[in-house]
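When we follow full-length UniProt numbering, the leftmost residue of the sequence shown carries the number 1, and every step to the right adds one. By construction, the Cβ of each residue, glycine as well, lies at the ideal position given by its N, Cα and C atoms. Note that the structure is a prediction, hence the values are computed from the model and not measured. See structure below.
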Amino acid sequence: MDALQDQAFAFGDFVLVPKERLLLCDGEPVPLTGKAFDLLVVLVRHSGHLVTKDELLQEVWPNTFVQETNLTVNISALRKVLGRGDNGNGIIQTVPGRGYRLVAPVVAREAAPASILRVESADNDLDAAPNSQPVAPIGAARHLGGVTHRGWAILAAAVVCVAIGAIALWRAQPENTNVPFGSVAVLPFASDSSGNNYLADGLTEAILNGLVQLQSLRVAPRASAFRFKGSAVGPKDAGLELGVAAVVTATISQQGTDLRIQVDLVDVALDSQIWGARYQGDVSELVHLQTRILQDLPRALRFPLSDQETRRIARPVTDDADAYRAYLQGRHEWGQRSEAALKRAIERFRHAVAIDPEFAAAYSGLADSYSILGYLSYLSPAETFPEAKRHATKALELDATLAEAHASLGFVKLYFEWDWVGAETAFQRAIALDPNHAASHQWYSIYLLAAGRPTEAFREIQFAQQRDPVSLPVNTDLGFYYYYTGQYEEAVKQLNFVLEMNPDFPPAHLWLGRAYQELGKFDEALSAFHRVEDRVRDWPVSIAARGFVAGAAGRPTLALQALTELEQLSSRRFVTSYGIALIHAGLGQDDEAFASLNKAFDERSNWLVWLRLDPRWNALRPDPRFTELVSRMRFPP
C-alpha cells in the first residue's frame, strides 16, 4: 500500500492520486464519496483481475458489518462517474455472483512531489491536515476514451489550477494566524429557491451541530443565529450582536441535480472574509458535501484536530442522500410546531427510516414530533407518547450516544409515564453526552420545577438561556418558571420581552395571559388569550384558559360559551379533560371539575404534572378529593 500511495495512475482521461485522494478528469477534480474513492483505489490496485465482493467489503469497510447493497450502490456511482458510453460500458466489469474487475488499461507513474500537490499558504498551515481542500471546484467527469499519455499533463495542469484557485480564495491572515477563533456563529444558509429552504436550514443546523462538538469552541445557538434568517444584517453586525469572533455564511444553489454550496468565513473584528470554499456535486452526494464542509471548517477556524476528532465531527447521520433530504424536510416541518406541520414531519421522518432503517436521528425526529403533538394536546396522550417512546428507544438502540434521543425519552417519562426517577436519569444522561445542548437543560429545568426543586430549576433554565440567549422557547420557559413560582410581575416582564423579539409566538401570549389573571388583570388576560387564538385556531389549551379566566372574573356567560366550544370541538378532535375541568373550576362547579380531572388522570394528561403548582386549582385544594388526586401522581417528596 505504501508504494501505491506514492504513485499516480492514469487510465483514459483520468488520473487517480490515492495519496491526495484526488481523481482528475481533463484537469478537473471529480466528485466521489469517500467509500466510492476507496473502492476505486482497490479496483485500480488489482486492475485486470477479479476482486471478489468479500474482498471489496473487507478492504473498504474493514471490521464493519455492512450489507452488500452498500457495495452495489458505490459501484453504480463509480460507473456513473467513469462514463457509460461506448467507452464506458466495460470500465468496471461485473463477474456474476463473484465480484468486479477494472478492465481499463492502467499506467502507473511516480506521483508529483507533495510540495507541488499540496496547496499551502505562507501565513497559515491550515492545509496541512489530510484531505484539506479549501477550494472545492468539482467538475463532472467526461466520457472515457482510450489510454492517453496526456494524463500526466492533465495532472500538472490541474495542480496549478487548484493552487491558483486556493490562493485566490484564501485571504490575508492577521499576524496571530495560529490562534484559534474562540467563538463562531453559523448564520442561516441562503437558498436560491424557496423549495430548498428545508435544505438550507437543515445544512445550517448540521454544520452548527458538528462544530458544537469542539469542546473549546463556543458556538452561537441555533435559535440565536436563526433570528438572522432573511435579514439584511451583515456578518460583522450579526457577529457583534451574537458576541462571536467569526461568522460562517453560505449560499446554496441548485440546477437540476447539480448542487453548489459556497461557504465563507468572516473575521468579525477585521470585518473581512478570511476563507471561502465552493462545494459542488450531484444532489445525491449531499451527505458527502456536508462531510467535507465539516472537515474543512475547523481548519479554517484554526482548530488542530486529530484524525479521530475529524471523523467524529464529520460523521454523517446517514450515508443515503434521499434519506437525509427527507430527514431535513422533517426537521424543517417540526420547527413550525403547528399540528399540520408536525404531522408532515412524521411523514418525512417515516420516509427517511424506510430508506435507511439504521438512521438513528430520524427515529429521534419521530419521537420529538409525537411528543410535541401530545404535549400541545393536538392529539391524545395515548396516541402520541407511547409512539414517542418507541421511536426514542429505537434511536438509542442504534446510537446510545444520541443526546437528543435521551432528552426525548425523558420528556415521555415526565409527561406521560410520570416516572420521576426515570425522567431525571434521562435528562442527566442527555446533558452528560452534550453539555451544550440548550434544550436538554431547558427540559431538565421543567422537570425540576414540577418535582418541587425550584432553585435547581432556575439554575438550569438560566444555563439554557446563557447558551441560547434569544431562543423564544427558552425565554418563554423562564417566564413559565416565574409564573409557577408565584413571581407574576417578573413573569409579565419576561414574557413581554419574548413578544418584543417575536409578537407572533403563541406560547408567550398564553403564559402572559395566565400571569395577568393571577394579578387580577382579567381584561388583559382575555386579550392575551384572544391573541393566541388569532394565531392558532381551535386549540383546546387556549380556549380552556379563556374559559377559566372568564369564570374567575365573574363572567359566566363567556365561560359557558368556551365550555360549549370545547364540547363541540370534541366531536371532531381530541380535547383534554384537564381543560374542561378548568372551566368548571372557574365557574365554581367543583363536582364537575373533579369528574373531569379524574378523566384527565385516566387520559394520562401531561398537564397533571403541574397539579401541585397550578394556581388555578387553589380553590379546590382544601377538598380531600384534590389531596387524593395529588397523591396518585406520586410526586417526589
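Beta strand (DSSP E) segment containing residue i, residue limits
{"i": "V263", "result": "D258 to D267"}
{"i": "W275", "result": "S272 to D282"}
{"i": "T94", "result": "I92 to V95"}
{"i": "F14", "result": "F14 to V17"}
{"i": "L24", "result": "L22 to C25"}
{"i": "A185", "result": "S183 to V186"}
DSSP-derived helix/strand/coil call for residue i
{"i": "G551", "result": "helix"}
{"i": "T33", "result": "coil"}
{"i": "T52", "result": "strand"}
{"i": "I75", "result": "helix"}
{"i": "I243", "result": "A small fix is needed here, since residue 243 is Gly in this sequence, not Ile. The answer is coil: DSSP assigns G243 none of H, G, I, E or B."}
{"i": "Q213", "result": "coil"}
{"i": "Q7", "result": "strand"}
{"i": "S231", "result": "coil"}
{"i": "residue 648", "result": "One cannot answer for residue 648 here, as it falls past the ends of the chain, which runs 1 to 637."}
{"i": "T576", "result": "coil"}
{"i": "residue 726", "result": "With the chain covering only 1 through 637, there is no way to say anything about residue 726."}
{"i": "Q568", "result": "helix"}
{"i": "L613", "result": "coil"}
{"i": "E417", "result": "coil"}
{"i": "E28", "result": "strand"}
{"i": "Q494", "result": "helix"}
{"i": "Q561", "result": "helix"}
{"i": "V107", "result": "strand"}
{"i": "V179", "result": "coil"}
{"i": "Q589", "result": "coil"}
{"i": "R604", "result": "coil"}
{"i": "S542", "result": "helix"}
{"i": "P193", "result": "Note on residue identity: the sequence assigns Ser, not Pro, to residue 193. Note: S193 maps to coil in three-state DSSP."}
Sequence-distant residues of the same chain with beta carbon closer than 6 Å to residue i, five excluded per side
{"i": "A323", "result": "A352, I355, D356 and F359"}
{"i": "G330", "result": "A345, R348, F349 and G365"}
{"i": "E524", "result": "Y516"}
{"i": "G99", "result": "L50, V51, T52 and K53"}
{"i": "F626", "result": "L620"}
{"i": "A450", "result": "V609"}
{"i": "E456", "result": "L448"}
{"i": "W275", "result": "L265 and A300"}
{"i": "H509", "result": "A528, R531 and V532"}
{"i": "A395", "result": "A360, Y363, S364, L402 and A405"}
{"i": "S571", "result": "none"}
{"i": "L519", "result": "Y488"}
{"i": "G422", "result": "K413"}
{"i": "I431", "result": "S440"}
Run of the alpha helix (DSSP H) containing residue i, from where it starts to where it stops
{"i": "T291", "result": "L286 to A300"}
{"i": "A515", "result": "P506 to E518"}
{"i": "R101", "result": "Counting along the chain, R101 falls outside any alpha helix (DSSP H), though it belongs to the beta strand (DSSP E) covering G99 to L102."}
{"i": "V317", "result": "V317 -> no alpha helix (DSSP H), and no H or E assigned at all."}
{"i": "F303", "result": "Here F303 belongs to no alpha helix (DSSP H), and DSSP marks it neither H nor E."}
{"i": "S527", "result": "F522 to R535"}
{"i": "L225", "result": "Looking at the sequence shown, residue 225 is not Leu but Ala. Looking at the DSSP string, the run of the alpha helix (DSSP H) that includes A225 is R222 to A225."}
{"i": "L629", "result": "P624 to R632"}
Own chain, CB closer than 7 Å to residue i, minus 5 neighbours either side, in chain order
{"i": "S380", "result": "F574 and E603"}
{"i": "F411", "result": "S371 and W443"}
{"i": "F303", "result": "P180, L214 and L217"}
{"i": "E285", "result": "P31, T33 and A321"}
{"i": "V160", "result": "Confidence is the limiting factor: at V160 the pLDDT is only 40, short of 50, which leaves the residue's position unreliable, though a coordinate-based value still follows. Closer than 7 Å at Cβ, skipping near neighbours: no residue."}
{"i": "L71", "result": "K53, L56 and L57"}
{"i": "E567", "result": "none"}
{"i": "R429", "result": "H406"}
{"i": "A206", "result": "Q290"}
{"i": "A238", "result": "A185, L187, F228 and V247"}
Own chain, CB closer than 8 Å to residue i, minus 5 neighbours either side, in chain order
{"i": "A236", "result": "One detail in the question is off: residue 236 reads as Lys in this sequence, not Ala. Answer for K236: V247, V266, V268 and D271, listed in chain order."}
{"i": "Y327", "result": "G202, V317, T318, R348, F349, A352, F359, A361, A362 and G365"}
{"i": "L433", "result": "T401, L402, A403 and H406"}
{"i": "L569", "result": "D538, P540, I543 and V575"}
{"i": "Y482", "result": "Y488, E490, A491, Q494 and A515"}
{"i": "E241", "result": "V233"}
The ligand FAD heavy atom lying under 6 Å from the CB of residue i
{"i": "R546", "result": "Within the structure as shown, the ligand FAD is missing, as the structure has no ligands at all."}
Below-7 Å beta-carbon distance, residue i vs any chain B residue
{"i": "R467", "result": "The structure shown contains no chain B; it holds only a single protein chain."}
Note to self: Under 8 Å: do the region 464-476 and the region 222-230 share three or more Cβ pairs, one atom per stretch?
What the structure shows: yes
Margin query: Quick check on the DSSP output: what are the complete alpha helix (DSSP H) runs of length 4 or more inside the region 362-401, in order along the chain?
Written below: 381-398
Next item on the list: Could you pull out every unbroken alpha helix (DSSP H) segment of at least 4 residues lying fully inside the region 441-485, listed in chain order?
Entry: 454-467 and 472-484
Next item on the list: Check whether the region 331-339 touches the region 283-299, counting contact only when three or more Cβ pairs, one atom from each stretch, lie closer than 8 Å.
Entry: no
Next item on the list: Please determine if the region 186-203 and the region 251-263 are in contact, where contact requires at least 3 C-beta pairs separated by less than 8 Å.
Entry: yes
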